[in-house]
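This report concerns only the one structure given below.
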Amino acid sequence: MPVPFEALLPVGIIIGMFGLSGGLVALVRTWENDGKPPRWNTDAWDEQMMLRDKLLTGHPRGQQSDVIWASVAPRYHPGK
77 MPVPFEALLP
87 VGIIIGMFGL
97 SGGLVALVRT
107 WENDGKPPRW
117 NTDAWDEQMM
127 LRDKLLTGHP
137 RGQQSDVIWA
147 SVAPRYHPGK
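First residue of the sequence shown? That's 77 in my numbering, and the numbers climb one at a time after it.
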């Protein structure tokens, strides 16, 4: 017995919405991490390095050689 096409339309919409929402979540996570994949299974060392990177660059995933003191930690600023 064939499946009527009216039953496939809602299934296609549901599958499409799941795909769209999953794609948007992946896009937002990648955008938040400067185009890098999200971190997982971080330990104390990783947390410390993320804090260091945030203090140096203003973003936990940013790494650069010149120092930009972020406004999140004014007590660490050498001029104060």
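Glycine residues also receive a C-beta, built at the ideal position from the N, C-alpha and C atoms. In this text, all values refer to a predicted model and were calculated from it rather than measured experimentally.
{"query": "Classify residue 139 as helix, strand or coil using the three-state DSSP reduction.", "result": "coil"}
{"query": "Expressed to the nearest angstrom, what Euclidean distance is found between the alpha-carbon atoms of residue 45 and residue 81?", "result": "With the chain running from 77 to 156 in the structure shown, residue 45 is simply not present."}
{"query": "Would you kindly check if the distance between the Cβ of residue 132 and the Cβ of residue 124 is under 9 Å?", "result": "no"}
{"query": "What's the gap between the Cα of residue 89 and the Cα of residue 98?", "result": "14 Å"}
{"query": "Starting from residue 107, trace the alpha helix (DSSP H) both ways and give me its first and last residue.", "result": "81-108"}
{"query": "By Cβ distance below 8 Å, which residues in the same chain neighbour residue 136 in space, the five residues on each side in sequence not counted?", "result": "126, 127, 129, 130"}
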